[in-house]
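S.K.: For the first sequence, my numbering assigns the number 67 to the initial residue and increments by one for each residue that follows.
Just dropping this structure here.
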Amino acid sequence: MRPAGNARHRPPKTMSNDPERGYRPAAVEQKWQEAWERDGTNTLTADELRSAESPFYNLMMFPYPSAEGLHVGNIYAFTGADIHGRYKRMTGHTVFQPMGFDAFGIHSENFALKVGTHPMELIPRNVANFTRQLRRTGGMFDWQHTVDTTDPGYYKWTQWLFLQLFKAGLAEHKEAPVNWCPSCMTVLANEQVIAGACERCGTPVEQRRIKQWFFKITRYVERLLENLDHIDWSETTLKAQRNWIGRSEGGELRFPVARRNGDRWEPTDQVVPVFTTRPDTVFGATYVVLAPEHPMVDVVTTPEAQAAVRDYQARTAATDLVARQKADKTKTGVFTGGRCINPATGEPVPVWIADYVLMEYGTGAIMAVPGHDERDFEFATELGLPIVRVVAGEGQQADTPLDEAYTDNRNGRLVNSGRYDGLPVDEAKSAIVNDLAKEGLGELRVNYRLHDWCVSRQRYWGPPIPIIHCPSCGAVPVPEYDLPVELPAVDDFRPDDSGVSPLARVEDWFRVPCPECGGEARRETDVSDNFLDNSWYFLRYPSTDFEDRPFDPEITRQWLPVDTYIGGNEHAVLHLLYSRFTTMALHDLGHLDFEEPYIKFRAHGLIIREGSKMSKSKGNVIVPDPIIEDYGADTFRLYLMFLGPFSEGGDYQDTGITGPHGFVHRLWESVVPKDGELPDTPPDPDVEQKLHQTIRQLSEQIPALQYNTAIAAMMEYLNVARAGGRRPSRAEVEPLVCLVAPFAPHVAEELWQRLGHEGSIFDGANWPTFDPAKAAESTVQVAVQVNGKLRGTVSVAPGTAEADLVALAKAEANVAKHLEDVQVRKVIHVPDRLLNFVVG
RNA sequence: GCGAAAGUGGCGGAAUUGGUAGACGCGCAAGAUUUAGGAUCUUGUGGCCGUUGGCCGUGGGGGUUCGAGUCCCCCCUUUCGCACCA
67 MRPAGNARHR PPKTMSNDPE RGYRPAAVEQ KWQEAWERDG TNTLTADELR
117 SAESPFYNLM MFPYPSAEGL HVGNIYAFTG ADIHGRYKRM TGHTVFQPMG
167 FDAFGIHSEN FALKVGTHPM ELIPRNVANF TRQLRRTGGM FDWQHTVDTT
217 DPGYYKWTQW LFLQLFKAGL AEHKEAPVNW CPSCMTVLAN EQVIAGACER
267 CGTPVEQRRI KQWFFKITRY VERLLENLDH IDWSETTLKA QRNWIGRSEG
317 GELRFPVARR NGDRWEPTDQ VVPVFTTRPD TVFGATYVVL APEHPMVDVV
367 TTPEAQAAVR DYQARTAATD LVARQKADKT KTGVFTGGRC INPATGEPVP
417 VWIADYVLME YGTGAIMAVP GHDERDFEFA TELGLPIVRV VAGEGQQADT
467 PLDEAYTDNR NGRLVNSGRY DGLPVDEAKS AIVNDLAKEG LGELRVNYRL
517 HDWCVSRQRY WGPPIPIIHC PSCGAVPVPE YDLPVELPAV DDFRPDDSGV
567 SPLARVEDWF RVPCPECGGE ARRETDVSDN FLDNSWYFLR YPSTDFEDRP
617 FDPEITRQWL PVDTYIGGNE HAVLHLLYSR FTTMALHDLG HLDFEEPYIK
667 FRAHGLIIRE GSKMSKSKGN VIVPDPIIED YGADTFRLYL MFLGPFSEGG
717 DYQDTGITGP HGFVHRLWES VVPKDGELPD TPPDPDVEQK LHQTIRQLSE
767 QIPALQYNTA IAAMMEYLNV ARAGGRRPSR AEVEPLVCLV APFAPHVAEE
817 LWQRLGHEGS IFDGANWPTF DPAKAAESTV QVAVQVNGKL RGTVSVAPGT
867 AEADLVALAK AEANVAKHLE DVQVRKVIHV PDRLLNFVVG
């Protein structure tokens, strides 16, 4: 298969002896995939990892190995990332590009339940199929450093990670109201609840109180937010993270609970704290609203109101979150009979409960300012509560009626607010909070939307949480030498409605002695969240050669943080935020010397077809295998990248693939002519100029992931080299073989070999260098306009002076015609581009 | 509702960031070569008209400019996030 001898350039006569002169993608691709495998072209040994001089860690989001197999979206993402990696390699980097499988989690488990096959049987099958398909796509994957999150050798370290966080006080076991999906029968993180429904199955989520493990990600919230200013990520992703963290500045104001004394209301020691971003409007707080499940409800509710309050609480609990969180539904609530003292006015205000106030945000209680908050306005209008104006905008007075909430928080001044009257809104905010603070009735506060990360799952298909509950010692970590806590193989892995994990049914597994006191104890029977598995996998890849440590310090210093991470924006918040947190925590615990895992992240777009996302329900899914069979992976890769900008995705059109297919054929035919031989003559100057312009363009656009225009440039170049049936020479096509290699690696290897080279085109920095002198245009077309309208063009040497250009332009018949009988008032000259006569 | 991005031929999409709109590809038309090929090659292809020329044309309307797909204002549409977050 490999050419004999060590000549870099073998004479083309060897090719005329070759019976295989036609391009047969399947044969070429199989040949090179086998060669890469055999020669270890894409793998790095432990020594190579340790000693690489210019390491480049090219990471892409590893897939969940579904039973359906690799879909076009996977191939699209991986191809875009693979091109990046291959380019880096051809420009002299040692590229580490691993691939793995994120095979734990509800997704896999649900599918296993559906088809009635045990995941331990199903997953290896899927992984094998994925691996086969991934090889076929021609990705430069290092299969010696692969990761499977369900492998005990991997999840041993996932459990280790849990224990590190536990020992650092970053894991907490507490009873909490949680999102419960009645269909998946499991707890979901807030992030997995989309508009009140389960992200996976769309079932409305209920609320339950269960003991859960939480990671205290909120301790890192400020750093997670601040670092966003310094990392090189897609703008859309940064924005999504900022939104998700949801920082808002405001104040916590305390409303003392009031007690009736005769006909007066007096403050008690108990307070209802509220969070507000508008402390300036506190004089307009005419009532207080608690979330129905707020602990203070029982304190403020009067005996007369109790029945109504209980009833409302019960109804709320029964209402699922979808219905509850519909912003457009009419607001409801009931009066508790109790009152609080408005800390600013000293007046008693009624306390209500209403389901539009959410327990999870802020303090679970609000001061309602109907005059200046739309939701409060709506509620007050519906229930006949007083509305007071405390901010007046331009042209408004203290008594200007409010027929809707006035929410402008920039231009108003305070009214009806005692000694704060006349202050602008922003000044009043701090003044009021500071004054209340002196009385212990308030303080500045920053609130976040982000919650602690709930990591326990009452499911089967995940790594058991490595904790042993002992009646006398409490929650005891499993000693590291006992890791992994292996997931037992059990036939009945179905979750049930009890809220406990299926593992809680496996008594001989969970009954263990306490590692500390030796007494009877019980394993934690929850498994950990899938997002924990993938929050650290990139640390594992380069260190899979080691079984005795999660990641080797030296290797990690050499390869991390990840140089480029490419993936879908659907993971913009969850996976990317959690893995940042994990990395930060490991950094603080002394395991890593960096705190941000990915230097550069780029989100890719989505492939759509017939105007919408590919989905089974729409029946517009493209199955990759037959396309690869018909056209070859090289053509498929080119086509996917040619559809549109990689960052934006593209519209898959079935007939379009013939374009790139023809391009590959023409390239092949140019290097391996059907008849005769590849000319070894010097390059044509015009073709050479175009070549160097193309090299320049690709060298700029590939690192920027602008693949669609890069491919267009290569097509353009080949069109020039073959214009008018011309036969290009070796010097003209050989560099193109290198340029196309990241996109179409198999055909590039084959042509490289047929050009007489030994070994892989990817070994050695074979990316062509461009010569600016050769790329320079010898003549430029200058547009000639009269009053901004194109009237002709002149062809001149670059840098031609304006005076010469004017003379040439005026000599153009059509330009002259438009300059007749008019006076040239002004000439606009853009060197080498345009000349505009302004006439009048 | 809020936020972001985007609207360019029959279609996917280009356009050096204010300077010849429609690169490249699909599709279509005509031809060459093959005539088992989704192979190859040539030419044409935004619309309209008086066709060596001209007018119109980048969702709609206004504006800035010698010059606007690109900048500004208003409106419409689509897609994607967030969604009673106080």
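Ideal Cβ placement from N, Cα and C applies to all residues, glycine included.
(1) Please list, in chain order, all residues of the same chain as M127 whose beta carbon is under 6 Å from its beta carbon, the five residues on each side excluded.
(2) When DSSP labels each residue in this structure, what does T334 get in the three-state scheme?
(3) Assuming the contact rule is C-beta atoms closer than 8 Å, F321 and C406 should be a hit. Round their C-beta distance to whole Å, please.
(4) DSSP puts F667 in a beta bridge; with which residues?
(5) What three-state label does DSSP hand C247 in the structure shown?
(6) I'd like the list of long-range same chain contacts for A169, defined as Cβ closer than 7 Å, with 5 residues on each side in sequence excluded.
(7) How many Å lie between V860 and A770 at the Cα?
(8) Nearest to V512 by CA position, among V578, T284, E586 and H641, is which residue?
(9) Output needed for A907: all residues of its chain with C-beta closer than 7 Å, excluding positions within five of it in sequence on either side, in chain order.
(10) Between H727 and A841, how many whole angstroms is the CB-CB distance? I'm expecting something under 8 Å.
(11) Measure the CB-CB distance between G219 and M707 and report whether it falls below 8 Å.
(12) At the level of alpha carbons, what is the spacing between G671 and D691?
(13) Near P339, what residues of its chain come up, given a Cβ to Cβ distance below 8 Å and the 5 sequence neighbours on each side ignored?
(14) So, helix, strand or coil for R201, using DSSP?
(15) So which of V639, M650, L658 and L598 has the shortest CA-CA distance to E620?
(16) So, for A374: in the same chain, excluding its five sequence neighbours on each side, which residues have a beta-carbon less than 7 Å away from its beta-carbon?
(17) In the segment 153-190, which residue ranges form an unbroken alpha helix (DSSP H) of at least 4 residues, counting only runs that do not cross its ends?
(18) Just to confirm, is the Cβ distance from F162 to L110 under 8 Å?
(19) Just confirm the distance between the C-beta atoms of G316 and T352, as a whole number of angstroms; I'd bet it's less than 8 Å.
(20) Closer than 6 Å by C-beta to D84: which residues in its own chain qualify, once you throw out the five before and the five after it? Chain order, please.
(21) What number of angstroms, rounded off, separates the C-alpha of M81 from the C-alpha of W833?
(22) Assuming Y644 is part of the alpha helix (DSSP H), what are its boundary residues?
(23) Counting pairs of beta carbons, one from the segment 537-552 and one from the segment 500-512, are three or more of them closer than 8 Å?
(24) Please state whether DSSP places H75 in a helix, a strand or coil.
(25) Counting along the chain, where does the alpha helix (DSSP H) carrying W98 start and finish?
(26) What are the boundary residues of the beta strand (DSSP E) that T859 is part of?
(27) Are there 16 or more other CB atoms within 10 angstroms of the CB of P550, so buried, or fewer, so exposed?
(28) When the distance is taken between beta carbons, is V639 closer than 8 Å to W310?
(29) Exposed or buried, F612, counting other C-beta atoms within 10 Å across all chains shown (16 or more means buried)?
(30) Looking at the structure shown, is K892 part of a helix, part of a strand, or coil, going by DSSP?
(31) Quick one: what's got a C-beta closer than 8 Å to E292's C-beta in the same chain, skipping five residues either side?
(32) Helix, strand or coil for F228? Go by DSSP, reduced to three states.
(33) Figure out for me which residue from G685, D469, I665 and P164 has the closest Cα to the Cα of T197.
(34) In chain order, what residues of the same chain lie with their CB nearer than 7 Å to the CB of A73, ignoring the 5 residues before and after it?
(35) Pull up the distance between the alpha-carbon of R891 and that of L874, whole angstroms please.
(36) Taking N124 as the reference, which of L605, R274 and S249 has the closest Cα?
M.R.: In short, the structure shows the following:
(1) G633
(2) strand
(3) 4 Å
(4) W299 and Y631
(5) strand
(6) Y130, P131, I189, V193, D214, T215 and T216
(7) 34 Å
(8) T284
(9) Residue 907 lies beyond the range of the chain shown here (67 to 906); nothing can be said about it.
(10) Actually they are not in contact, since the Cβ atoms of H727 and A841 sit about 29 Å apart, beyond 8 Å.
(11) no
(12) 22 Å
(13) E318, L319, R320, F321, T429 and A431
(14) helix
(15) L658
(16) V400
(17) 172-181
(18) yes
(19) Actually they do not touch by this definition, with Cβ atoms about 19 Å apart.
(20) Low confidence applies to D84: its pLDDT is 46, below 50, so where it sits in the model is not reliable, and the reading given next is rough at best. Correct list: empty, nothing qualifies.
(21) No answer about M81 holds up, because its pLDDT of 35 lies below 50 and its placement is not dependable.
(22) L640 to D654
(23) no
(24) Any answer about H75 is weak, because its pLDDT of 26 lies below 50 and its placement is not dependable; what the coordinates show is given next. Looking at H75 - three-state DSSP - the assignment turns out to be coil, as it is neither helix nor strand.
(25) P91 to D105
(26) K855 to V862
(27) buried
(28) yes
(29) exposed
(30) strand
(31) none
(32) helix
(33) P164
(34) Since pLDDT at A73 reaches only 26, below the 50 mark, its modelled position is unreliable, and the value read off the structure follows with that caveat. Closer than 7 Å at the Cβ level, and outside the excluded window around A73, lie G822.
(35) 18 Å
(36) L605
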